[in-house]
Structures are given as C-alpha cells and as structure tokens.
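J.: Numbering-wise (UniProt numbering), the sequence shown opens with residue 1 and increments by one.
Before we start, here is the structure in question, set down as structure tokens.
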Amino acid sequence: MEGELANLGQFIGAGLAGFGSGLAALGVGNVAANFLAGALRNPSAAASQTATLFIGIAFAEALGIFSFLVALLLMFAV
Numbered sequence: 001m002e003g004e005l006a007n008l009g010q011f012i013g014a015g016l017a018g019f020g021s022g023l024a025a026l027g028v029g030n031v032a033a034n035f036l037a038g039a040l041r042n043p044s045a046a047a048s049q050t051a052t053l054f055i056g057i058a059f060a061e062a063l064g065i066f067s068f069l070v071a072l073l074l075m076f077a078v
C-alpha cells in the first residue's frame, strides 16, 4: 500500500511539473508576439532587436526544459 501511494505521488508531481512545459510554450508565444508588435510599429528598429528576441525565447524555453527534467526525475527516480 505504501509503494502504491509513493507511485501516486510521483506521477502527480510529474504531472504538475509537466505544466511547466505548457507555460514555457505560452512564454515563447508571448515573447514572439511582443517582438512582432514592436516590429510592426517600428520596422527600422526590428533588425537590431532580433538578438534580444532569440535570447528571450531561449530563456523561456530553458524553463520548459528544466520542468521536463524535473518531471522525469520525479517519475523515474527511485
């Protein structure tokens, strides 16, 4: 009975950590949408802000990768 409860806790924790991947996707979409809105308002400055766009996307995606790793650790750690 205790082993089943521990497995249940692992899978619930992994599922909750999986929300981080979805939230990272929302973060990447938000970064890209704000860049596009700014580029449409001032097209001449868009070229100089492309590096900032990629840095923002990389940070947002890194959080999703970290939450994925936490979910894997919760599921398969003994």
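Every residue, glycine too, gets a C-beta built ideally from N, C-alpha and C.
In this text, all values refer to a predicted model and were calculated from it rather than measured experimentally.
With a cut-off of 8 Å, do at least 3 Cβ pairs link the segment 22-30 to the segment 56-75?
T.: Contact between the segment 22-30 and the segment 56-75 is established, with three or more Cβ pairs separated by less than 8 Å.
J.: Determine the extent of the alpha helix (DSSP H) in which S48 is found, giving its start and end residues.
T.: Looking at the DSSP string, S48 is not in any alpha helix (DSSP H), and its letter there is neither H nor E.
J.: Around the Cβ of G9, are there at least 16 other Cβ atoms within 10 angstroms (buried) or fewer (exposed)?
T.: exposed
J.: Considering just the uninterrupted stretch of the alpha helix (DSSP H) at N7, what are its terminal residues?
T.: 2-41
J.: G64: which of G18, N42, G13 sits nearest, CA to CA?
T.: G18
J.: Could you tell me whether the Cβ atoms of L74 and G13 are closer together than 8 Å?
T.: Yes, these two residues count as a Cβ contact at 8 Å.
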